[in-house]
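Shown next, in structure tokens, is the structure this report addresses.
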Amino acid sequence: MKLNVLKPVAIALLTAFAITSCVKDDDYDIPDPNGKKPLPDYSGQVVSFANVLTKVTASVATYTADEAIEGYVISSDEGGNFYKKIYIQNADKNQGLSVAIDKSGFYTEFPVGAKVQLRLKDLTTQLNNSAIEVGHGTYTAKSGRKGVAAMAEAIYKKHLFDTGERKTVAELAKVSNSIQEVSTEAHVDQLITLKGVHFPTDAVGKTLYDKSNALGGATNYKLTDANGKTIIFRTSSYAKFKDEKVPAGEVEVTGVLTKFNKDYQFMISNYADLVVKGGTSTSTQTSTTVETLEASNATVADYVVGKTVKLHGMTVVKSGKTYIVFKDGTEIQVFSAKGVTISDAAKEKLATEGYEINVTGVFTDYALKKGTVVKEILYSKESDIEFIKAPAPITYVDVDATTATLASDYQVGKYVKLKNATLKVEGGKSYVVFSDGNKIQLYSPNLKSFSKDAQTKLGTDGQKLTSIKGKFEDYSVNGNTVHQLVYAVEGDIIFGDTPVVQLPELNAATATVADFNKYKDKKVKLEGIITIKGKSSTFFVFKDKTEVQVYATSTVFKALSKETKAKLKTAGAKLIVTGTFVESSSTKDGVTTITKRIRYDKESDLDFQ
């Protein structure tokens, strides 16, 4: 079940995740998407790409001047078409260079559009195929040709820095419909959008990487413009989209122009960079062929299940869920495909009303239990979302929970910073109680990605919150209205003191079902002698013969050591378990069985005597 289509009763599910975010005490507004980050102290000089070019030769040499360049990342290794190399372009969009890094997956650290500073002193440079290459040390190929070696992580961490500023692909790319115009050394290592081009007819329907048509670990096809000029379109055998089909008709392609010997080559970062614009559509195209769609002009007729689109529109946020609304009012929920995670920064932007975005994804229907169908656009990675323009910064109104009332302080749609709150946990749900006794439920669609510590605190009765930022919204369930404070990420919360809880201590030898019922859904310490049922299920048996299974989720159990797993299967062993009394039900042949359990959350909750 998807978290952002679950009812709010799912808010208190507690699972283990790593700590991922924090927030300053005085940071109340949505961060400026172009906000600068502090960089390490630097006494050198920031120079232009042109200045660096005057110092670079065809031979590998160490750069001795204490100089740096600043530019924007225009490539991504997320799609696998670029490998251990990052391309950077200057702000004027007329020069670029490549940086060799001995690491993959750095698209998360240096995403497309990130402004970076590259400190050149003690790195190596070379002019190769009309382009500046930067690395560390010298690499000698089998042929004897020397080039810059890729820099290790310890090296690039001291030379390449993200400034925090961002530009969109649209701001960075040169746009042209002339292959002849861009196929010059003046455009090498720069981001280009080619419009009005097409693939050869005999290539349509073939995979972008064709093993039978490979050269140097990649397949080259020709793109042709309206004037009949051509350029190589290159796809690596490691590209995640290598099995996509070559589309028919007119396409628009955004990628990095490179050069190998005398050949100019065009390489895209992700399949979404190849957009079908018109012309002949054939059955040889795959379901992931991307078409552009403008929400302000679209209607429900444009929503076709299984269709892959690049959807442009403004975010509309309801109960923590993000939508793009069509011209006729059709709501399309923006949601991730199964197993996809995105950064807290992206989550926070998606949770912001009025953000202009492009989303590349597949239209998918999702049926709720009651039969209601939610129309969705499913994205498969963070780079499928392009944040174009942020709305004006949100102003959060300070509300003191100790004096707040529903009548005076709660208005649907109001952004607040709720201070001095104390959690009230009931039925697995977390609330803040106003001074007039009205309860405000805390809800985040991203709870599952929070750190285990944060999830535990959110499920702790009496936990103090110094503050929590969010938006007041009403939610209707079974005809009842639930007042909520909807927040986006863990960083929206500043935790205060956590109450010291003395857990009840029980011994299975003296406990009864009454004790289980008394502490159901609560945490206890339970001592007992292990009894094995079936092949390997571990139980305690109470004085009145009540059986309680010692249980953990599959994720927790798989993480246990072999020694602990073996001890859990040792009948007669004494064990103290810190865990929560819960019940689970299963139905077979019309008969429902209730299993009583004590659920532990980590290996240290098991104390073998």
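For the sequence shown, the residue numbers in the working numbering are 2 to 610.
Yeah, the Cβ is synthetic: ideal placement off N, Cα and C, and Gly gets one too.
The model shown is predicted, which means the values in this text are computed figures rather than measured ones.
When the Cα of Gln181 is compared with those of Lys196, Tyr64, Leu507, Lys168, which residue comes out closest? As a working note, residue 181 is residue 180 in the sequence shown. Nearest option by C-alpha distance: Lys196.
DSSP state of Phe388 mapped onto helix, strand, coil: Here the question's residue 388 lines up with position 387 in the sequence shown. Three-state DSSP puts Phe388 in a strand.
Do you know offhand how far Phe451's Cα is from Thr169's? As a working mapping, residue 451 is identified with position 450 in the sequence shown. As a working mapping, residue 169 is identified with position 168 in the sequence shown. Their backbone Cα atoms lie some 28 Å apart in a straight line.
Can the beta-carbon of Ser586 be found less than 9 Å from the beta-carbon of Thr579? Against the sequence shown, residue 586 aligns to sequence position 585. Against the sequence shown, residue 579 aligns to sequence position 578. The answer is no: Cβ separation not under 9 Å.
Within the continuous alpha helix (DSSP H) that includes Glu186, where are the two ends? In the sequence shown, the residue the question calls residue 186 occupies position 185. Here Glu186 belongs to no alpha helix (DSSP H), and DSSP marks it neither H nor E.
Can you look up Ile533 in the DSSP assignment and give me helix, strand or coil? By one-based count along the sequence shown, residue 533 stands at place 532. Here DSSP, grouped into helix, strand and coil, assigns Ile533 to strand.
Quick one: residues in its chain with C-beta nearer than 6 Å to the C-beta of Ala59, no 5 flanking neighbours on either side, listed in chain order? The residue you call residue 59 lines up with position 58 of the sequence shown. Closer than 6 Å at Cβ, skipping near neighbours: Leu128.
When burial is assigned at 16 or more other CB atoms within 10 Å of the CB, is Ile599 buried or exposed? Stepping through the sequence shown from its first residue, residue 599 is reached at position 598. Buried.
Going by Cα to Cα distance, which pick from Ile395, Gly573, Pro394, Tyr411 is closest to Asp401? To locate residue 401, count along the sequence shown from 1; it is residue 400. Ranking the options by Cα distance to Asp401, first place goes to Tyr411.
Where the alpha helix (DSSP H) containing Val113 begins and where it ends: Numbered from its first residue, the sequence shown carries residue 113 at position 112. No alpha helix (DSSP H) holds Val113; DSSP gives it neither H nor E.
At least one CB of chain C closer than 9 Å to the CB of Lys56: is that the case? Any reference to chain C falls outside this structure, which holds one protein chain only.
On a Cα-Cα basis, can you pick out the residue from Glu68, Val53, Leu119 that is closest to Asp163? Within the sequence shown, residue 163 is the residue found at index 162, counting from 1. When only C-alpha atoms are compared, the closest one is Leu119.
Burial state of Asp608 (16 or more Cβ within 10 Å): Mapped onto the sequence shown, residue 608 falls at position 607. With fewer than 16 other Cβ atoms within 10 Å, it is exposed.
Enumerate in chain order the residues of its own chain whose CB-to-CB distance from Thr300 is below 8 Å, with the five nearest sequence positions on each side excluded. Taking the sequence shown and counting its residues from 1, the one referred to as residue 300 is at position 299. Only Phe327, Lys328, Asp329, Thr331 meet the Cβ criterion.
Leu312: first and last residue of the uninterrupted alpha helix (DSSP H) it sits in: Position 311 of the sequence shown holds residue 312. Not the alpha helix (DSSP H): Leu312 falls in the beta strand (DSSP E), residues 309 to 319.
Less than 9 Å between the beta carbons of Tyr416 and Ile389, yes or no? For this step, residue 416 is matched to residue 415 along the sequence shown. For this step, residue 389 is matched to residue 388 along the sequence shown. No.
How is Tyr239 classed by DSSP in three states: helix, strand or coil? As a working note, residue 239 is residue 238 in the sequence shown. Reduced to three states, the DSSP call for Tyr239 is coil.
Alpha-carbon spacing of Glu548 relative to Ala512, whole angstroms: Working through the sequence shown from its first residue, we reach residue 548 at position 547. Working through the sequence shown from its first residue, we reach residue 512 at position 511. So the alpha carbons of these two residues sit roughly 11 Å apart.
Buried or exposed: which applies to Ala69, given that a residue is buried once 16 or more other Cβ atoms fall within 10 Å of its Cβ? Taking the sequence shown and counting its residues from 1, the one referred to as residue 69 is at position 68. By the beta-carbon neighbour count (other beta carbons within 10 angstroms, threshold 16), Ala69 is buried.
With distances taken between CB atoms, is the gap from Pro505 to Ala352 smaller than 9 Å? Taking the first residue of the sequence shown as position 1, residue 505 is located at position 504. Taking the first residue of the sequence shown as position 1, residue 352 is located at position 351. Note that the C-beta distance between Pro505 and Ala352 is not below 9 Å.
Cutting at 7 Å between CB atoms, please list the residues of its own chain near Ala51, excluding the five before and the five after it. One-based indexing of the sequence shown puts residue 51 at position 50. Hits under 7 Å: Gln96.
Which residues does DSSP pair with His199 in a beta bridge? Taking the sequence shown and counting its residues from 1, one reaches residue 199 at position 198. BP columns for His199 point to Thr225.
Leaving aside the five residues before and after Ala338 along the sequence, list all residues of the same chain whose C-beta is less than 6 Å from its C-beta, in chain order. The sequence position of residue 338 within the sequence shown is 337, counting from 1. Closer than 6 Å at Cβ, skipping near neighbours: Leu379, Ser381.
On the three-state DSSP scale, how would you describe Val6? On the sequence shown, position 5 is the one that residue 6 refers to. In this predicted model, Val6 has a pLDDT of only 37, less than 50, meaning its place in the structure is not dependable; the value taken from the coordinates is given anyway. Val6 falls in the helix class under three-state DSSP.
Supposed close pair Val57, Thr139 - CB separation, criterion 8 Å: Position 56 of the sequence shown, counted from the first residue, corresponds to residue 57. Position 138 of the sequence shown, counted from the first residue, corresponds to residue 139. Their Cβ separation, rounded to whole angstroms, is 14 Å, which puts Val57 and Thr139 out of contact at 8 Å.
For the alpha helix (DSSP H) that contains Gln334, what are its first and last residues? Residue mapping note: residue 334 aligns to position 333 of the sequence shown, counting from 1. Element bounds for Gln334: not the alpha helix (DSSP H) but the beta strand (DSSP E), 332 to 337.
Distance CB(Lys570)-CB(Leu576) smaller than 9 Å: As a working note, residue 570 is residue 569 in the sequence shown. As a working note, residue 576 is residue 575 in the sequence shown. No. Outside cutoff.
Which residue marks the beginning of the beta strand (DSSP E) containing Ile595, and which one marks its end? Indexing the sequence shown from 1 puts residue 595 at position 594. That run of the beta strand (DSSP E) goes 592 to 600.
Count the other CB atoms within 10 Å of the CB of Val502; is the residue buried (16 or more) or exposed (fewer)? As a working note, residue 502 is residue 501 in the sequence shown. That one is exposed.
Answer yes if the region 302 to 309 comes into contact with the region 428 to 437, meaning at least three C-beta pairs across the two stretches below 8 Å, and no otherwise. no
What are the boundary residues of the beta strand (DSSP E) that includes Tyr157? Here residue 157 corresponds to residue number 156 of the sequence shown, with the count starting at 1. It is not in any beta strand (DSSP E) - Tyr157 instead sits in the alpha helix (DSSP H) that spans 154 to 160.
As an exercise, report each continuous beta strand (DSSP E) stretch of at least 3 residues that is fully enclosed by the region 57 to 95, in chain order. 68 to 74, 86 to 90
Which residue's Cα is closest to the Cα of Leu173: Lys420, Leu424, Val413, Asp93? Your numbering for residue 173 matches position 172 in the sequence shown. Nearest of Lys420, Leu424, Val413, Asp93 to Leu173, Cα basis: Asp93.
Taking all protein chains shown into account, do 16 or more other C-beta atoms lie within 10 angstroms of the C-beta of Tyr43, making it buried, or fewer, making it exposed? Mapped onto the sequence shown, residue 43 falls at position 42. So Tyr43 ends up on the exposed side.
Just curious, the beta strand (DSSP E) that Leu576 is in, first and last residue? Position 575 of the sequence shown, counted from the start, is the residue given in the question as residue 576. 575 to 589 is the extent of the beta strand (DSSP E) around Leu576.
Status (buried if at least 16 other CB within 10 Å, exposed otherwise) for Tyr210: As a first step, residue 210 must be located in the sequence shown, where it is residue number 209. The residue is buried, with at least 16 neighbouring Cβ atoms inside 10 Å.
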